[in-house]
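Undergrad: Chains P and V, in that order, are what the protein sequence lines are.
Counting in this note's numbering, the final residue of the first sequence is number 571, and the numbers go up one at a time with none missing.
Counting in this note's numbering, the final residue of the second sequence is number 264, and the numbers go up one at a time with none missing.
The beta-carbon is built from N, C-alpha and C at its ideal position, and this holds for glycine as well.
Mind having a look at this structure? Questions to follow.
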Amino acid sequence: MKYFERLRPVLLVAALFAIWEIAIDLHPGYILPGPIAVAGGILDLLRHGLLLKYIVASLFRVTWGFALAAFLAIPLGLALGWYRRGEMAINPLVQFFRPISPLAWIPIAILWFGVGDLAAIFLIFVGCFFPLLLTAMNAVHNIPVVYIDAGRNFGLSPSAFVTRILYPAVIPQLIVGLRITLGVAWLVVVAAEMISVNSGLGFLIVDARNAGNRYDLVVAGMVIIGVIGLLLDLGMRSLEQMKSFRWINSEG
Amino acid sequence: MAQTEVDIHGTQSAPKLSAEHLGMAYERDGQSMQVLEGINLDVADGEFVCLVGPSGCGKSTMLNAMAGFLSLTSGSVRIDGEVVTGPDPRRILVFQERGVFPWLTVEGNIGFGLSKLPRAERQQRIAHYVKTVRLEGFENSYPSDLSGGMKQRLQVARALAVNPDVLFLDEPFGALDSITRVIMRGELLRIWQSERRTIFFVTHDIDEAVQLADRVVVLSSRPSQIKQVLTIDMAHPRNISSTRYLELRDELLKQIGLAYEI
């Protein structure tokens, strides 16, 4: 039974591919490629050594943009969440920048960093910074007062308080926030690569269309983006399942 | 003054815990609201004192002030003659709910306040208190795997492990079901009798107070003052159907202003 449970999503995907292929075969001459053509496109990319190169390029930018945002936004957010006065001072600014789409920064990114990795990394950074800042601030607000009081009661030094109460208490929410934000980073990198660089999966999609309507490569790019997004999410989920975080899911 | 000085242990030693003219006022909507007023209380070393009173009267406020979590508007709290200025591991507060750390195992929670001890001593202390609160076999379990009663026992163990002078308990069994609550009272009495700590216990449950305490302090409604201090002159284990038990319980109900019948 359990074997079948696992097989079910695979069967669903297979069925969808079949419907897709049949629909395309019934309408020859239609420009959208079927799954077989897309698979051919992926093989083509592999053969030219572009697939791996573009995936690595995109992941490289995401890693740097996301990591920079996390290293700056999380400590800052935790501190602001703890010192409410700081938060009240900075909050209007945060709420002002937050609704500006990271894509709106593209011209400025190119102006500052030129066409290249730095511009894309900057855009991902902008897209991740504010969600992570807010996640960290809220995580501090949501620490139950009893944990804080218990920490004070046992006479912890400020640094022990941070490592033994604050950090473990915010971890569950931070992990959820990081997972969602990594998804945002992956969205932003594709858009950024369409305009500000000459490599990566986003560039692949735009380039395939511009250079002769290779829609098999366009869809191949989309499929690969989806698959990698899925893998990234699975990776973040497995973080939650780590032994030292095991308590998170069963809290109550 | 309703306060009666009864030294149930028959010694003349200085009180472990003493509250002098405690006053506490909150600012709300620009108005000052007096919560506690002129409270004087001495608690002897090793004594078990329960604090009861109508809901919202300031029992928890008084407890938090005595444990150092709230600063007083007037008066002072002394432990062994030393004025309480803030929370301190020498007096541990046990919370009603969610007091244990979910990210630590049973052992981790009990050892939380023991990080400065050498490893061997810490392990020995943890083992002792695991046994004291009967959590053997759960040393490596997380709180989410424990029942409500076990979590409260764990919290008591974590508190006792740092060897505090005074244990403050804020309605510790209030969130438990009634059967578990009765069992927990027995457990707490057993622990208290073997460890002999001074216990200051807030409850809204009259029966709980009569079953546990050496003395029961009754607070009036706001601004709270001590209405009566009732000595429970019954040895443990107490027969809760005895005439004396019922008399004492009725006396407390009368003090709180509740009728004899529902």
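Suppose contacts are defined by Cβ-Cβ distances below 7 Å. Is P/A334 in contact with P/L422 by that definition?
TA: In the first sequence, the residue the question calls residue 334 of chain P occupies position 15. In the first sequence, the residue the question calls residue 422 of chain P occupies position 103. No; because the gap between Cβ atoms is not below 7 Å, this pair is not in contact.
Undergrad: Can you tell me whether V/L229 is helix, strand or coil according to DSSP?
TA: Walking along the second sequence from the start, residue 229 of chain V turns up at place 227. The sequence given here places Lys at residue 229 of chain V; Leu does not occur at that position. Here V/K229 sits in strand by DSSP.
Undergrad: Identify whether V/G182 lies in helix, strand or coil by the three-state DSSP scheme.
TA: On the second sequence, residue 182 of chain V is found 180 positions in, with the first residue counted as 1. For the sequence presented, residue 182 of chain V should be read as Thr rather than Gly. Of the three classes helix, strand and coil, the one that applies to V/T182 here is helix, per DSSP.
Undergrad: What residues match up with V/Y28 in a beta bridge as DSSP calls it?
TA: Working through the second sequence from its first residue, we reach residue 28 of chain V at position 26. Beta-bridge pairing links V/Y28 to V/M35.
Undergrad: Can you name the residues of chain V whose CB is closer than 8 Å to the CB of P/N461?
TA: Residue numbering aside, residue 461 of chain P sits at position 142 when the first sequence is read from its first letter. Result: empty, since nearest Cβ-Cβ is about 12 Å, beyond 8 Å.
Undergrad: Mind checking who V/A21 pairs with in its DSSP beta bridge?
TA: Counting from one through the second sequence, the residue named residue 21 of chain V turns up at place 19. DSSP lists V/L43 and V/V79 as partners of V/A21.
Undergrad: Is P/C447 helix, strand or coil when you go by DSSP?
TA: Walking along the first sequence from the start, residue 447 of chain P turns up at place 128. Correct three-state label for P/C447: helix.
Undergrad: Less than 7 Å between the beta carbons of V/L156 and V/I94, yes or no?
TA: Along the second sequence, read from residue 1 onward, the residue named residue 156 of chain V stands at position 154. Along the second sequence, read from residue 1 onward, the residue named residue 94 of chain V stands at position 92. No. Outside cutoff.
Undergrad: Answer yes or no: does any C-beta atom of chain V fall closer than 7 Å to that of P/P394?
TA: Residue numbering aside, residue 394 of chain P sits at position 75 when the first sequence is read from its first letter. Not a single CB atom of chain V sits nearer than 7 Å to the CB of P/P394.
Undergrad: Determine contact between the segment 48-56 of chain V and the segment 203-216 of chain V, defined as no fewer than three beta-carbon pairs at a distance below 8 Å.
TA: yes
Undergrad: Who are the near neighbours of V/P120 in its chain, counting only those whose CB is closer than 6 Å to its CB and skipping five residues on each side?
TA: Here residue 120 of chain V is taken as the residue at index 118 of the second sequence, counted from 1. Nothing meets the Cβ criterion.
Undergrad: Could you tell me the distance, in whole angstroms, from the CA atom of V/H11 to the CA atom of V/A237?
TA: As a working mapping, residue 11 of chain V is identified with position 9 in the second sequence. As a working mapping, residue 237 of chain V is identified with position 235 in the second sequence. Caution is warranted here: a pLDDT of 49 is assigned to V/H11, below 50, making its placement in the model unreliable, and the coordinate value is therefore given only provisionally. If I take the Cα positions, the gap works out to 13 Å.
Undergrad: Please report how far the alpha carbon of P/R556 lies from the alpha carbon of P/L331, in whole angstroms.
TA: As a working note, residue 556 of chain P is residue 237 in the first sequence. As a working note, residue 331 of chain P is residue 12 in the first sequence. In a straight line, the C-alpha of P/R556 is about 22 Å away from that of P/L331.
Undergrad: Assuming P/V489 is part of the beta strand (DSSP E), what are its boundary residues?
TA: Within the first sequence, the letter at position 170 stands for residue 489 of chain P. Counting along the chain, P/V489 falls outside any beta strand (DSSP E), though it belongs to the alpha helix (DSSP H) covering Y486 to S515.
Undergrad: Can you tell me whether V/T200 is helix, strand or coil according to DSSP?
TA: Walking along the second sequence from the start, residue 200 of chain V turns up at place 198. The answer is strand: DSSP assigns V/T200 an E or B state.
Undergrad: How many Å lie between P/G431 and P/V357 at the Cα?
TA: As a first step, residue 431 of chain P is located in the first sequence; it is residue number 112 there, counting from the start. As a first step, residue 357 of chain P is located in the first sequence; it is residue number 38 there, counting from the start. For clarity, residue 431 of chain P is Trp in the given sequence; the question names Gly instead. Taking the straight line from one Cα to the other gives about 37 Å.
Undergrad: Using a Cβ-Cβ cut-off of 7 Å (strictly less than) and excluding sequence neighbours within five positions of P/A428, which residues of its own chain qualify?
TA: Translated into the one-based positions of the first sequence, residue 428 of chain P becomes position 109. Cβ neighbours of P/A428 beyond the five flanking positions: A438, F441, L442 and S515.
Undergrad: Would you say P/P487 lies against chain V (beta-carbon separation less than 7 Å)?
TA: Position 168 of the first sequence, counted from the first residue, corresponds to residue 487 of chain P. At a cut-off of 7 Å, the C-beta of P/P487 has a neighbouring C-beta in chain V.
Undergrad: For chain P, check one thing: does any of its Cβ atoms lie closer than 7 Å to the Cβ of V/I81?
TA: By one-based count along the second sequence, residue 81 of chain V stands at place 79. No, its Cβ sits nowhere closer than 7 Å to a Cβ of chain P.
Undergrad: What does the alpha-carbon distance come out to for the pair V/V164 and P/E406?
TA: Position 162 of the second sequence, counted from the first residue, corresponds to residue 164 of chain V. Position 87 of the first sequence, counted from the first residue, corresponds to residue 406 of chain P. Roughly 36 Å separates the two Cα atoms.
Undergrad: At a cut of 8 Å, does the segment 411-425 of chain P reach the segment 472-490 of chain P through at least three beta carbon pairs?
TA: no
Undergrad: Please return the same chain residues whose Cβ sits closer than 8 Å to the Cβ of V/L254, not counting the five positions on each side in sequence.
TA: Within the second sequence, residue 254 of chain V is the residue found at index 252, counting from 1. For V/L254, where only same-chain residues beyond five positions count, the Cβ hits under 8 Å are V54, I208, A211, V212, V218, V220 and L232.
Undergrad: Measuring alpha carbon to alpha carbon, tell me which residue in P/P328, P/P491 and P/A539 is nearest P/N457.
TA: As a first step, residue 457 of chain P must be located in the first sequence, where it is residue number 138. Comparing Cα-Cα distances from P/N457 to each of P/P328, P/P491 and P/A539, the minimum goes to P/P491.
Undergrad: With three or more beta-carbon pairs closer than 8 Å as the criterion, would you say the segment 110-129 of chain V touches the segment 177-195 of chain V?
TA: no
Undergrad: Around the Cβ of V/K133, are there at least 16 other Cβ atoms within 10 angstroms (buried) or fewer (exposed)?
TA: Within the second sequence, numbered from 1, the residue matching residue 133 of chain V stands at position 131. It counts as exposed.
Undergrad: Can you find the residues in the same chain that come closer than 6 Å, C-beta to C-beta, to V/V8, ignoring five residues on each side of it along the sequence?
TA: The residue given as residue 8 of chain V occupies position 6 in the second sequence. Here V/V8 scores only 48 on pLDDT, less than 50, and its place in the model should not be relied on; the value that follows carries that caveat. So the list reads T233, once near-sequence residues are dropped.
Undergrad: With a cut-off of 8 Å on the beta carbons, I'd call P/I499 and P/I484 a contact; round off their distance for me.
TA: The count along the first sequence starts at 1 and reaches residue 499 of chain P at position 180. The count along the first sequence starts at 1 and reaches residue 484 of chain P at position 165. Wrong, their Cβ atoms sit about 25 Å apart, outside the cutoff.
Undergrad: Rounded to the nearest angstrom, what separates P/G531 and P/V434 at their Cα positions?
TA: Here residue 531 of chain P refers to the residue found at position 212 of the first sequence. Here residue 434 of chain P refers to the residue found at position 115 of the first sequence. As the crow flies, the alpha-carbon of P/G531 is around 23 Å from that of P/V434.
Undergrad: Which residues in the same chain as P/L452 place their Cβ atom closer than 7 Å to its Cβ, once the five residues preceding and following it in sequence are excluded?
TA: As a working note, residue 452 of chain P is residue 133 in the first sequence. Within the same chain, A392, L395, G396 and V413 come within 7 Å of P/L452 by CB-CB distance, once the 5 residues on both sides are set aside.
Undergrad: Quick one: which residues of the segment 82-114 of chain V get their C-beta closer than 7 Å to a C-beta of chain P? List them in chain order.
TA: For the segment 82-114 of chain V, the beta-carbon criterion of a distance under 7 Å to any beta-carbon of chain P is satisfied by P89, D90, P91, I94, L95, F97, R100, G101, F103, P104, W105 and F114.
Undergrad: Pull the bridge partners of V/C52 from the DSSP assignment, please.
TA: Taking the first residue of the second sequence as position 1, residue 52 of chain V is located at position 50. Bridge partners of V/C52: V/F203 and V/V218.
Undergrad: Could you please give me the residues that DSSP links to P/V381 through a beta bridge?
TA: The sequence position of residue 381 of chain P within the first sequence is 62, counting from 1. DSSP output for P/V381 lists no bridge partner at all.
Undergrad: If the cut-off is 8 Å on Cβ atoms, which residues from the segment 463-474 of chain P count as contacting chain V, listed in chain order?
TA: Contact residues of the segment 463-474 of chain P toward chain V are P463, V465, Y466, D468, A469, R471, N472, F473 and G474 (C-beta to C-beta distance below 8 Å).
Undergrad: For the segment 427-442 of chain P, which residues have a beta carbon sitting closer than 8 Å to at least one beta carbon of chain V?
TA: none
Undergrad: My guess is that P/I350 and P/Y534 are in contact by the Cβ rule of under 8 Å, so how many angstroms apart are they, rounded?
TA: Numbered from 1 along the first sequence, position 31 holds the residue referred to as residue 350 of chain P. Numbered from 1 along the first sequence, position 215 holds the residue referred to as residue 534 of chain P. So it is a contact: roughly 6 Å between Cβ atoms.
Undergrad: Would you list the one or two residues that DSSP bridges to V/R93?
TA: On the second sequence, residue 93 of chain V is found 91 positions in, with the first residue counted as 1. Under the DSSP definition of a beta bridge, V/R93 partners with V/D90 and V/V168.
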